[in-house]
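Chemist: Below you'll find the structure I mean.
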Amino acid sequence: MNMKPIPVKEGNFNLKNYDETYNNFDWEEVKKNFSWHETGKVNIAYEAVDRHAENPAKKDKVALYYSDPNREEKLTFSDLKTYSNQFANVLKKYDIKKGDRVFLFMPRSPEYYMSFLGILKVGAIAGPLFEAFMEQAVEDRLQDSEAVMLITTPDLLERVPQDKLPDLKKIVLVGDTTGISGEQYIDFHQEMEQASDHFDIEWVDLEDGMLLHYTSGSTGKPKGVYHVHNAMIQHFQTAKWVLDLQEDDIYWCTADPGWVTGTSYGIFGPWLNGVTNVIRGGRFTPEDWYSTIEKFKVTVWYSAPTAFRKLMSAGEKVLKNYDLSSLRHILSVGEPLNPEVIHWGMDVFNKRIHDTWWMTETGGMLICNYPCMDMKPGSMGKPFPGIEAAIIDNDGNQLPPNQMGNLAIKKGWPSMMRQIWKRPEKYESYFVGDWYVSGDSAYMDEEGYFWFQGRLDDVINTSGERVGPFEVESKLIEHPAVAEAGVIGKPDPERGEIIKAFITLNEGYQESEELLEDIRQFVKKGLSAHAAPREIEVKDKIPKTRSGKIMRRLLKSWELGLPTGDTSTLEE
Ligand code: 6R9
Numbered sequence: 001m002n003m004k005p006i007p008v009k010e011g012n013f014n015l016k017n018y019d020e021t022y023n024n025f026d027w028e029e030v031k032k033n034f035s036w037h038e039t040g041k042v043n044i045a046y047e048a049v050d051r052h053a054e055n056p057a058k059k060d061k062v063a064l065y066y067s068d069p070n071r072e073e074k075l076t077f078s079d080l081k082t083y084s085n086q087f088a089n090v091l092k093k094y095d096i097k098k099g100d101r102v103f104l105f106m107p108r109s110p111e112y113y114m115s116f117l118g119i120l121k122v123g124a125i126a127g128p129l130f131e132a133f134m135e136q137a138v139e140d141r142l143q144d145s146e147a148v149m150l151i152t153t154p155d156l157l158e159r160v161p162q163d164k165l166p167d168l169k170k171i172v173l174v175g176d177t178t179g180i181s182g183e184q185y186i187d188f189h190q191e192m193e194q195a196s197d198h199f200d201i202e203w204v205d206l207e208d209g210m211l212l213h214y215t216s217g218s219t220g221k222p223k224g225v226y227h228v229h230n231a232m233i234q235h236f237q238t239a240k241w242v243l244d245l246q247e248d249d250i251y252w253c254t255a256d257p258g259w260v261t262g263t264s265y266g267i268f269g270p271w272l273n274g275v276t277n278v279i280r281g282g283r284f285t286p287e288d289w290y291s292t293i294e295k296f297k298v299t300v301w302y303s304a305p306t307a308f309r310k311l312m313s314a315g316e317k318v319l320k321n322y323d324l325s326s327l328r329h330i331l332s333v334g335e336p337l338n339p340e341v342i343h344w345g346m347d348v349f350n351k352r353i354h355d356t357w358w359m360t361e362t363g364g365m366l367i368c369n370y371p372c373m374d375m376k377p378g379s380m381g382k383p384f385p386g387i388e389a390a391i392i393d394n395d396g397n398q399l400p401p402n403q404m405g406n407l408a409i410k411k412g413w414p415s416m417m418r419q420i421w422k423r424p425e426k427y428e429s430y431f432v433g434d435w436y437v438s439g440d441s442a443y444m445d446e447e448g449y450f451w452f453q454g455r456l457d458d459v460i461n462t463s464g465e466r467v468g469p470f471e472v473e474s475k476l477i478e479h480p481a482v483a484e485a486g487v488i489g490k491p492d493p494e495r496g497e498i499i500k501a502f503i504t505l506n507e508g509y510q511e512s513e514e515l516l517e518d519i520r521q522f523v524k525k526g527l528s529a530h531a532a533p534r535e536i537e538v539k540d541k542i543p544k545t546r547s548g549k550i551m552r553r554l555l556k557s558w559e560l561g562l563p564t565g566d567t568s569t570l571e572e
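Using the UniProt record's numbering, the letters of the sequence shown correspond one by one to residues 1 to 572.
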């Protein structure tokens, strides 16, 4: 079902000829962009910030424009170096060492980025959490990672179950600490004032850890995806060729650092390339978003289908109040990018929206649409140079074009995860022979374009956020009224999928509007707003296999009115 290609339109791009570049590419050449190529001493924070701060032509360039409804800040590369050095000294003072896990649980702010870089400078491993997480979600991640320090705000402190976190020794508070006492607390601003702005970076190995991103699967608790400094090779090159970053760009990635997009391409991609980065905090409204582009004259914009669809539904009336002519290049990630959205982008911006495909586990972009390449709306594009992608069957055999199967990548790309934290068997389960198996189903057409078809497991993608049904089910059955629960993603025109829960009630409970709302709020307070089911349906029974596994596939078929397929494993 190939659509007519939308032709190459832009004239200004880094990667000039896809086929030629793909055929001649060598990651070894990319390494030559970094000083460690010769010294062997490496730290991703140095390459992202200090290197530019030490360059007279770059040190006063704006690295970060921060803006939210109450605050505006501008930091140069030199400022960022100074502040992250100061924070690194604070960490050192409190005995944070190489390899320690230090988590961040707070909204975006300039302090967020100073802290993040400071963590990397001491050689520790940063663990970013969404500010929307509630107590259970925070507990699971801090417990599993054995985090020794947390950076948060006084407002969020009540969601940190300190009594259940024996490893957590110190909590850095960003904000007004009046009334908070206890020797575990550290006042960010107070400490920063006293800290030296000179810091000797902890030089590490390319294979040393730098980032732990928790993400959801279809079973079990969220897993810690472990990334190493070596990932910078991929962050740098994909940002150059896919984001097409150039010296004078003003780049805006809308993602929160709690999501891998907000670290790989909200921090590393632009800064490794020495490009000005716009960070916008606060809630999403179409007005705020368009005004961000107008105010900062954003040239390159990386966002997600769910956001584009929201902007689309806000309509022309909002759009026509803003001057968006600065935009040169627009990209998308996180969910299938509907052809309809691409056509909307052509209409309103006169620009193509370039889809990119990758995962938390892959650390960086793998299959993309490049400015130099003809685009087929609905396709994720072609593999990045240096990446071998294929469609394989369950035994690892490559399938011919147009046949649907598992989307797989030949292992060994620079930003590939190196571990699932403390779960080696889980890590191994991703691989079949030399292939990393993504869990997405797709096919490749005769021209080498990849087309996304769906997830092979039950993972839900709601507004671009990965939610594991198991986590939501576990929370649901903690509610006194809920006996059993099965959770699925239900297709939704704006959010991609919404979370729908099927539940059975315990004896003595009657279905009512209030009860269902109470259950919804219970999940929201326990996990996060995005994990709370938008729809809850009460059933007499939840379908299960003979081995007791919830048959989410069957729930989904019922919901969508589809044939139920093989139900041989269904219990009586
Ligand atoms: C970066 C990121 C990964 C899953 C992935 C797939 C879906 C991501 C997509 C896409 C269709 C795209 N996904 N990009 N589906 N088209 N361009 O999103 O990481 O949160 O780990 O999600 O998201 O299902 O397997 P993560």
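Note that the Cβ used here is the ideal one computed from N, Cα and C, for glycine as well.
Taking F87 as the reference, give the member of M106, C372, Q136, I201 with the closest Cα.
Modeler: Looking at the Cα atoms, I201 is the closest of the given residues.
Chemist: So, are the CB atoms of M297 and I250 less than 8 Å apart?
Modeler: One detail in the question is off: residue 297 reads as Lys in this sequence, not Met. Yes; because the gap between Cβ atoms is below 8 Å, this pair is in contact.
Chemist: In whole angstroms, give me the CA-to-CA distance for V160 and T263.
Modeler: Rounded to the nearest angstrom, the two C-alpha atoms are 23 Å apart.
Chemist: Alpha carbon to alpha carbon, what distance is there between T462 and F308?
Modeler: Distance between the alpha carbons of F308 and T462: 14 Å.
Chemist: With a floor of 4 residues, list each alpha helix (DSSP H) that falls wholly inside the stretch 90–147, ordered by position along the chain.
Modeler: Within the stretch 90–147, the complete alpha helix (DSSP H) runs of at least 4 residues are 110–121, 135–145.
Chemist: Tell me whether I387 sits in a helix, a strand or coil according to DSSP, three-state version.
Modeler: I387 falls in the coil class under three-state DSSP.
Chemist: Indicate whether S441 and G454 have their beta-carbon atoms separated by less than 8 Å.
Modeler: Yes, the pair counts as a contact, with Cβ atoms nearer than the cut-off.
Chemist: Determine whether the beta carbon atoms of R418 and E207 lie at a separation below 8 Å.
Modeler: Yes, Cβ-Cβ distance for R418 and E207 is below 8 Å.
Chemist: Tell me the rounded alpha-carbon separation between N2 and M373.
Modeler: At N2 the pLDDT is 45, less than 50, meaning the model places this residue with poor confidence; the figure from the coordinates comes in the next sentence. In a straight line, the C-alpha of N2 is about 16 Å away from that of M373.
Chemist: Straight-line CA distance for R352 to T177?
Modeler: When rounded, the distance between both Cα atoms is 47 Å.
Chemist: Please report the distance separating the alpha-carbon of L80 from that of Y46.
Modeler: If you take the alpha carbons of L80 and Y46, they lie about 11 Å apart.
Chemist: Does DSSP put E559 in a helix, a strand or coil?
Modeler: Of the three classes helix, strand and coil, the one that applies to E559 here is helix, per DSSP.
Chemist: Quick check: the Cα distance between K500 and K16, rounded to an integer number of angstroms?
Modeler: Using only the alpha carbons, I get a separation of about 45 Å.
Chemist: Got a sec: does ligand 1 put a non-hydrogen atom nearer than 7 Å to the Cβ of T462?
Modeler: No, since every heavy atom of ligand 1 falls outside the 7 Å radius drawn around the Cβ of T462.
Chemist: Less than 8 Å between the beta carbons of P401 and D445, yes or no?
Modeler: Yes, the Cβ-Cβ distance between P401 and D445 is below 8 Å.
Chemist: Tell me the start and end of each unbroken alpha helix (DSSP H) in the UniProt domain "AMP-binding enzyme C-terminal" (471–549) that is at least 4 residues and wholly inside, in chain order.
Modeler: Here the runs fully enclosed are 513–526.
Chemist: Would you say the beta carbon of residue 575 is closer than 7 Å to some non-hydrogen atom of ligand 1?
Modeler: The chain is shown only over 1 to 572; residue 575 falls outside these bounds and no answer can be derived.
Chemist: Can you tell me the Cα-Cα spacing of T238 and G269, whole angstroms?
Modeler: Between T238 and G269, the C-alpha separation is close to 8 Å.
Chemist: Taking C-alpha atoms, which residue in L337, F13, G486 lies nearest to M380?
Modeler: Ranking the options by Cα distance to M380, first place goes to L337.
Chemist: Alpha carbon to alpha carbon, how far is K121 from E287? Give it in angstroms, no decimals.
Modeler: Rounded to the nearest angstrom, the two C-alpha atoms are 37 Å apart.
Chemist: If you follow the beta strand (DSSP E) that M149 is in, where does it begin and where does it stop?
Modeler: Element bounds for M149: 149–152.
Chemist: With C-beta atoms as the reference, is F105 less than 8 Å away from E135?
Modeler: No, the pair does not count as a contact, with Cβ atoms beyond the cut-off.
Chemist: Cα-Cα, which of E139, L91, K58, E388 is closest to D26?
Modeler: Of E139, L91, K58, E388, the residue nearest in Cα terms is E388.
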